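Asker: Handing you a structure now.
Residue numbers (the numbering used here): 259 to 510.
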C-alpha cells in the first residue's frame, strides 16, 4: 500500500513538473480560460483595436492631405495674383480673383484640417487607448488564471505528500501541514485577485461601451458634416468664379 501511494505521488509530481517544463519551453500552450463569452469578448477587443488603428491611420492621412492641399492652394493663389498683375485689365482681374478664391479655400482647408484633428483623430486616439487599457486587463486576467491553476496543481501534490507523511514520517507532518496552510492561503488570495480582475474588466467594458461608443458616434457624425461642409464650400467657391472666367474668355 505504501509503495502504491509513493508511486502515485511520484507520478503526480512528475506530471506537474512536466507541465511546468513544457510551458517554459513552449511545448505546451499556457493554461487559458475555456469560457465562450470571454473568448468572444477577447476577439471583439482585439479586432476593434485593429480596425480603430486603421481608421486612425487613414484619418491622419486625410488630415495631412487637407493641410498639403491648403498649402498648395495658398501657393497657387499667390502665383495667380502675381500673374494677374502682369496681364491686362480683364484677364488680370480674372487671375486676381482666381488667386483670391484659391487663398480663401486654402484657409478653409486648413481650418477643416484642424477640426478633423480635434473632432475625429483625437477621439479615435482616445478610443484606441481605452481598448489598449482593456487589453492590459485581459493580460492580467490571463496571468492570474494561470497562477490559480498552477497553485491548484501544487496543492494536489502537497495533499498527497501530506497523506504519505502521515503514514511514513509522522515527525514531519507538522511542517508539511504548515506549508499546505500557507499554500492554501496564497491560493485563496490569488483567487480573490482573479475575481477582482474579472469584476474590474466587466466594469471597464460597460463604461467603455457606454461612454466611448457614444463619443465615437458623435466623432463620425462631426467628421461627415465637416467633409460635406468643405465639399460644398469648395464647389460654391469655384462655381461663383466660373461666370467671371467665362466672361473674360468671351471678351478675348
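Each residue gets a CB set at the ideal place from its N, CA and C atoms; glycine is no exception. These numbers were taken from a predicted model, which means no experiment stands behind them.
Contact check, residue 466 vs residue 378 under 8 Å by CB: the rounded distance?
Answerer: Not really, about 19 Å apart at Cβ, beyond 8 Å.
Asker: Going by DSSP in three states, residue 490 sits in which element: helix, strand or coil?
Answerer: Note: residue 490 maps to helix in three-state DSSP.
Asker: Taking contact to mean 3 or more Cβ pairs, one atom from each stretch, closer than 8 Å, check whether the region 364–382 and the region 311–331 are in contact.
Answerer: Enough Cβ pairs lie closer than 8 Å, so yes.
Asker: Which residues in the same chain as residue 370 place their Cβ atom closer than 7 Å to its Cβ, once the five residues preceding and following it in sequence are excluded?
Answerer: 324, 484, 488.
Asker: Quick one: what does DSSP say residue 232 is sitting in, helix, strand or coil?
Answerer: Residue 232 is absent from the model: the chain starts at 259 and stops at 510.
Asker: Count the CB pairs spanning the region 324–334 and the region 356–368 that are closer than 8 Å, and state whether there are at least three.
Answerer: Touching, yes.
Asker: Classify residue 427 as helix, strand or coil using the three-state DSSP reduction.
Answerer: DSSP places residue 427 in coil when its eight states are reduced to three.
Asker: Just verifying my parser: in three-state terms, what is the DSSP assignment at residue 401?
Answerer: Residue 401: helix per DSSP, three-state reduction.
Asker: Please identify the residue among 351, 322, 396, 356 whose C-alpha is closest to the C-alpha of residue 462.
Answerer: For the residues 351, 322, 396, 356, the minimum Cα distance to residue 462 belongs to 396.
Asker: CA-CA distance, residue 411 and residue 453?
Answerer: Looking at the two C-alpha atoms, the distance is approximately 19 Å.
Asker: Measuring CB to CB, does residue 303 end up less than 8 Å from residue 392?
Answerer: Against a cut-off of 8 Å, the Cβ pair of residue 392 and residue 303 comes out as a contact.
Asker: Apply the 10 Å Cβ neighbour rule to residue 317 and answer buried if 16 or more other Cβ atoms are within range, or exposed otherwise.
Answerer: Buried, because 16 or more other Cβ atoms sit within 10 Å of the Cβ of residue 317.
Asker: Am I right that residue 374 and residue 320 are in contact with their C-beta atoms under 8 Å? What's the rounded C-beta distance?
Answerer: Right, their Cβ atoms sit about 7 Å apart.
Asker: Tell me whether residue 399 is buried or exposed, calling it buried when 16 or more other Cβ atoms sit within 10 Å of its Cβ.
Answerer: Residue 399 should be labelled buried.
Asker: With a threshold of 16 other CB atoms inside 10 Å of the CB of residue 416, please say whether the residue is buried or exposed.
Answerer: The residue in question, residue 416, is buried, as its Cβ has 16 or more Cβ neighbours within 10 Å.
Asker: Specify whether the region 289–307 and the region 337–354 touch according to this definition: at least 3 beta carbon pairs, one from each stretch, less than 8 Å apart.
Answerer: At 8 Å Cβ cutoff, the stretches do not touch.
Asker: Assuming residue 442 and residue 424 make a contact with CB atoms under 8 Å, what is their CB distance in whole Å?
Answerer: Their Cβ separation, rounded to whole angstroms, is 17 Å, which puts residue 442 and residue 424 out of contact at 8 Å.
Asker: Identify whether residue 299 lies in helix, strand or coil by the three-state DSSP scheme.
Answerer: In this structure, residue 299 counts as helix in the three-state DSSP scheme.
Asker: So, helix, strand or coil for residue 498, using DSSP?
Answerer: The answer is helix: DSSP assigns residue 498 an H, G or I state.
Asker: What does the Cβ neighbour count give for residue 365, buried or exposed, with the cut at 16 atoms within 10 Å?
Answerer: Exposed, since its Cβ has fewer than 16 Cβ neighbours within 10 Å.
Asker: Between residue 512 and residue 437, is the Cβ-Cβ spacing less than 8 Å?
Answerer: Missing from the structure shown is residue 512; the chain here goes from 259 to 510 and no further.
Asker: Looking at C-alpha atoms only, which residue of 498, 339, 449 is the closest neighbour of residue 401?
Answerer: Out of 498, 339, 449, 449 has the C-alpha closest to the C-alpha of residue 401.
Asker: What would DSSP say about residue 367, mapped onto helix, strand or coil?
Answerer: Here residue 367 sits in helix by DSSP.
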